[in-house]
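Presented below is the structure to which this report refers.
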Amino acid sequence: MKNKILLTALFSLLCLACQTENITEIDLENTPAEVELFAEGIISTKLYERDLAISPRGNEIIFTLSDYRQSVRCLATIKKINGKWTEKQILDFSGNYQDIEPCFSADGNQLFFASNRPVDRDSTRSDFNIWVSNLLNSGWSEPEPLNPNINTDGNEFYPSVSKNGNLYFTAERENGIGSEDIFLSRYADGQYLIPEHLDANINSPVYEFNAYISPDEDLILFSSYGREDDLGGGDLYYSKKDASGRWTPAKNMGPPINSDKLDYCPFIDMARGNFYFTSERFTPVDKRIETVDELENRANSILNGMGNIYRISMKSLLLE
Numbered sequence: 002m003k004n005k006i007l008l009t010a011l012f013s014l015l016c017l018a019c020q021t022e023n024i025t026e027i028d029l030e031n032t033p034a035e036v037e038l039f040a041e042g043i044i045s046t047k048l049y050e051r052d053l054a055i056s057p058r059g060n061e062i063i064f065t066l067s068d069y070r071q072s073v074r075c076l077a078t079i080k081k082i083n084g085k086w087t088e089k090q091i092l093d094f095s096g097n098y099q100d101i102e103p104c105f106s107a108d109g110n111q112l113f114f115a116s117n118r119p120v121d122r123d124s125t126r127s128d129f130n131i132w133v134s135n136l137l138n139s140g141w142s143e144p145e146p147l148n149p150n151i152n153t154d155g156n157e158f159y160p161s162v163s164k165n166g167n168l169y170f171t172a173e174r175e176n177g178i179g180s181e182d183i184f185l186s187r188y189a190d191g192q193y194l195i196p197e198h199l200d201a202n203i204n205s206p207v208y209e210f211n212a213y214i215s216p217d218e219d220l221i222l223f224s225s226y227g228r229e230d231d232l233g234g235g236d237l238y239y240s241k242k243d244a245s246g247r248w249t250p251a252k253n254m255g256p257p258i259n260s261d262k263l264d265y266c267p268f269i270d271m272a273r274g275n276f277y278f279t280s281e282r283f284t285p286v287d288k289r290i291e292t293v294d295e296l297e298n299r300a301n302s303i304l305n306g307m308g309n310i311y312r313i314s315m316k317s318l319l320l321e
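In the numbering used here, each residue's number is its place in the sequence shown (first place is 1) plus 1.
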């Protein structure tokens with residue numbers, strides 16, 4: 002009887018250990034030559050995932066996790082601790098508001114993101130602004146909004162920060178070129194300066210949004226909707242700086258990066274040389290749906306048309 006009790010207790014402890022470790026398998030080092038679904042069943046699931054960011058140290062992944070209609074959007078994190086990845090969880094400060102589009106600073110000590118949380122306690126504003134959280138020993142600090150040069154009564158989205166602290170973001174502003182444009186706010190003396198829109202080689206009379214800037218500001222990747230060469234629901238474009246420091250005319254990244262669905266939210270993991278993006282592409286229906294179970298299985302599959310994260314090695318992109 003005593004042995005049975007000891008065995009039962011030991012089994013319970015083993016089960017508890019398995020539950021508390023919750024090991025997740027993610028391979029950041031793989032550099033695929035073709036576009037692949039990233040972390041299938043872990044990050045890319047039947048829910049809506051977008052806006053992936055990987056810390057410079059490679060020990061934390063933060064992304065936007067949403068329900069099917071994106072009516073609830075939170076920042077989720079997966080951390081690498083003692084060489085092993087944890088299960089994903091919602092960041093401590095997220096879950097009450099629409100928190101989206103994370104971006105690490107170059108040193109990994111700051112996390113920028115967009116949110117519709119009120120900019121002060123007495124505010125009734127519900128527009129999206131850009132916020133920043135600092136990395137502490139205990140985790141990420143309570144976020145603070147950036148200064149009024151950045152955050153206005155309109156919407157500001159998708160922050161991306163260069164090595165010198167310059168901030169690129171999306172906004173709808175009267176001094177812009179199109180419906181939504183990409184803006185640059187230079188960082189000087191600890192402050193973000195008045196933003197300027199990027200020129201007509203990047204922005205156009207239609208929609209430009211969700212830009213990623215390389216650490217040295219010599220490559221920009223962004224999404225656009227409504228251009229003549231758009232393949233469908235919105236495509237990814239890129240531009241490089243020429244010898245004079247000006248942006249070259251943006252080029253459509255083409256298939257297989259772009260599809261006839263929405264392709265957006267670019268990110269480059271510079272340390273490992275991979276390009277990540279979000280896509281709403283799905284498995285096409287090539288035969289009649291005959292049963293309710295078939296329809297439910299399709300709706301609950303990973304390739305159900307909700308956003309997923311994809312990746313491909315930068316070497317395979319062959320950007321001219």
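Using N, Cα and C, we set each Cβ at its ideal position, and we do this for glycine too.
Our two residues, Tyr-69 and Tyr-98, have alpha carbons roughly 16 Å apart in a direct line. DSSP places Leu-147 in the coil class of the three-state scheme, outside both helix and strand. A distance below 6 Å between beta-carbons, with the five flanking residues on each side excluded, links Ile-258 to the following residues of its chain, in chain order: Leu-237.
For Glu-157, the pairing in a beta bridge is given by DSSP as Ala-172. A residue is called buried once 16 or more other Cβ atoms fall within 10 Å of its Cβ, and Leu-137, having fewer, is exposed. In the structure shown, Arg-299 falls within a helical segment according to DSSP collapsed to helix, strand and coil. With a 10 Å radius around the Cβ and a threshold of 16 neighbouring Cβ atoms, Leu-263 comes out buried. Remark: three or more beta-carbon pairs, one from each stretch, lie closer than 8 Å, so the segment 197-210 and the segment 165-185 are flagged as touching. Counting every other CB atom within 10 Å of its CB across the protein chains shown gives Gly-235 a total of 16 or more, marking it as buried.
At a Cβ-Cβ threshold of 8 Å, Gly-274 and Lys-316 count as neighbours. Ranking Ser-72, Ala-189, Asn-110, Ser-163 by CA distance to the CA of Gly-140 puts Asn-110 first.
Taken atom to atom, the span from the alpha-carbon of Gly-155 to that of Gly-227 is near 22 Å.
Per DSSP, the continuous alpha helix (DSSP H) segment holding Leu-318 begins and ends at 315-318.
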